[in-house]
Amino acid sequence: MAQALFYPWIDLRDEAWLKTSLLYWDSVRTIVPESVDAPYSTDTGRALEAAGFLVPLRIHSGMDETEELTADTLLNSLFEEMLEEFIREKLAGYRPTPSVCPIPERDDLEVDWQFKPNGTLLYLFGVKDNARARLTTISCLEFQRNNLPFRSMVVHEDFDKIGRKDKTRLTSASDKQFTSLDDFRQNAEQYLERETRH
Numbered sequence: 006m007a008q009a010l011f012y013p014w015i016d017l018r019d020e021a022w023l024k025t026s027l028l029y030w031d032s033v034r035t036i037v038p039e040s041v042d043a044p045y046s047t048d049t050g051r052a053l054e055a056a057g058f059l060v061p062l063r064i065h066s067g068m069d070e071t072e073e074l075t076a077d078t079l080l081n082s083l084f085e086e087m088l089e090e091f092i093r094e095k096l097a098g099y100r101p102t103p104s105v106c107p108i109p110e111r112d113d114l115e116v117d118w119q120f121k122p123n124g125t126l127l128y129l130f131g132v133k134d135n136a137r138a139r140l141t142t143i144s145c146l147e148f149q150r151n152n153l154p155f156r157s158m159v160v161h162e163d164f165d166k167i168g169r170k171d172k173t174r175l176t177s178a179s180d181k182q183f184t185s186l187d188d189f190r191q192n193a194e195q196y197l198e199r200e201t202r203h
C-alpha cells in the first residue's frame, strides 16, 4: 500500500495537488494536533477524508515522538510530477524532451526538460532545495563554458526555501526564474511565446 505523509501544513487547499496525489498513493496522512477538530477546509478535502484517503494523524504536546506514526510512510513531494503534468498538457507545442544531457560525457549535468521554441534550445530545471539549486548553477556554467547555444529557465518549488548565496549564484547563472510552480503555470506560455518570436 503506497502512503504519503504531508507535513508542511495541516490543511491541504491545493485541489490540483490533491487530485494528482490520488494517482500516486492509496492514502495521504497529515499531522494534526488533537485540538483541531476539522483539519480540512475544502469540500474536496472533507470528501477525501470521508473516503479514507486523507488520514489525520493526531498528536499532542505530551508525546515524546511521532516516529512510530510515520515509520512506513513515504515522504515525498509531487513537485516533479505536477511540473511534468503541466508541461505535457500545456506546453507540448514547444516540443518538450525530458532528461537531456547536453554534454554527452557529462551525464551528471542532466537537464530536466529541453524545449525548442525557436532556433535556440531552452533548458528547464526544476529546483526544490539548495542542493538542486547548486547543481543547476554548475550545469548552466558548464554549458556556458562549453559554448553551447542555449537559454535556461528555473522553476522553483519554493524560491523562499533557497539560501541567499544559492539564490545569488543561480540568478547570475540562469536566464529566467519562476519562483513557484504556480508562477510557472501562470506565465510559462507567455514566456515561451516571447522566446519563439526571438
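Using our numbering, you'd call the opening residue of the sequence shown number 6 and step up by one each time.
Using N, Cα and C, we set each Cβ at its ideal position, and we do this for glycine too.
Under DSSP, the beta strand (DSSP E) around residue i begins and ends at which residues?
i, result
"G131", "126-132"
"I64", "59-64"
"S179", "It is not in any beta strand (DSSP E) - S179 carries neither H nor E in the DSSP assignment."
"T102", "102-105"
Pull up the distance between the alpha-carbon of residue i and that of residue j, whole angstroms please.
i, j, result
"S26", "L59", "10 Å"
"T102", "P38", "44 Å"
"R174", "A138", "9 Å"
"L129", "D19", "24 Å"
"K133", "H161", "6 Å"
"D184", "A56", "Checking the sequence, you will find Thr at residue 184 rather than Asp. In a straight line, the C-alpha of T184 is about 34 Å away from that of A56."
"S179", "S157", "5 Å"
"D165", "L140", "18 Å"
"D31", "P61", "14 Å"
I'd like the span of the alpha helix (DSSP H) that includes residue i, first residue to last.
i, result
"R34", "Counting along the chain, R34 falls outside any alpha helix (DSSP H), though it belongs to the beta strand (DSSP E) covering 32-38."
"F148", "135-150"
"F155", "No alpha helix (DSSP H) holds F155; the beta strand (DSSP E) holding it covers 155-161."
"E86", "84-95"
With which residues is residue i paired in a DSSP beta bridge?
i, result
"R199", "Answer is none; R199 lacks a bridge partner."
"Q119", "T102, Y128"
Do you know whose CA, among the options, lies nearest residue i's CA?
i, options, result
"D48", "D31, L17, Q195", "L17"
"F84", "W30, E198, L197, L186", "L186"
"V41", "S177, R63, C145, Y29", "R63"
"P154", "P61, A136, P107", "P107"
On the criterion of 16 or more Cβ atoms from any shown chain inside 10 Å, does residue i qualify as buried, or is it exposed?
i, result
"S46", "exposed"
"Y99", "buried"
"T125", "exposed"
"A193", "buried"
"P109", "exposed"
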